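Report on the following structure.
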Amino acid sequence: MAAVMSVIVLGLALVAPPAALADDRMQFTGTTLSGAPFNGSTLAGHPAVLWFWTPWCPFCNAEAPGVSAVSAANPGVTFVGVAAHSDVGAMQGFVDKYHLNFTNLNDADGSIWARYNVPWQPAYVFYRADGSSTFVNNPTSAMPQDELASRVAALR
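Reading the sequence shown from the start, the letters are residues -22 to -1, 1 to 134 in mature numbering (1 follows the signal peptide of the UniProt record, and there is no 0).
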């Protein structure tokens, strides 16, 4: 009987829809810089990029124009900035300065950063529609725009 149940369970797992395989780290809630609620589970089943940044980080400042351009050039990929270690005014100033026209979250308590084990900024999580992801964190340099564009293109 146990063998039959194992086969049934395995069979069900093999036919599960891609969204069901989504990374459970997406099960978070947050607040946008404008104060609106955000639910990370809305990212499941779609290509997405989480960008972890701070307004005072020199590498984040170097990356921001490229992130803005790549996000604008890829409307089929959801970009979400996750800002921490600063106040909302500085975060909003950074968003305005670099024309970051995508959702940016105020992770003041660092809970989303902790959920993704982000030790420092800048960092990225690149999600494919099947829920698989790639984490990229380089504390010693900014990601070049062409590398970001290439990583985003690979999500589709």
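By construction, the Cβ of each residue, glycine as well, lies at the ideal position given by its N, Cα and C atoms. This structure is a prediction, so every number in the text was calculated from the model and none was measured.
Within its own chain, the residues whose Cβ lies closer than 6 Å to the Cβ of F57, once the five positions on either side in sequence are excluded, are V27, S49 and F80, listed in chain order. Between I90 and G13 the beta-carbon gap is near 16 Å, outside 8 Å, which marks them as no contact.
Between F113 and the set G54, Y94 and S119, the nearest pair of CA atoms involves Y94.
Per the C-alpha coordinates, the member of Q123, A62 and D87 positioned closest to A40 is Q123.
The three-state secondary structure of L11, taken from DSSP, is coil. For T56, the three-state secondary structure derived from DSSP is strand. When DSSP reads this structure, T112 sits in a beta bridge with F104. Counting only residues of its own chain and dropping the five nearest sequence neighbours on each side, G71 has a CB closer than 7 Å to the CB of P33.
Looking only at F30, H24 and V55, the smallest Cα-Cα distance to S128 is reached by V55.
For L133 and A68, the gap between their C-alpha atoms comes out near 31 Å.
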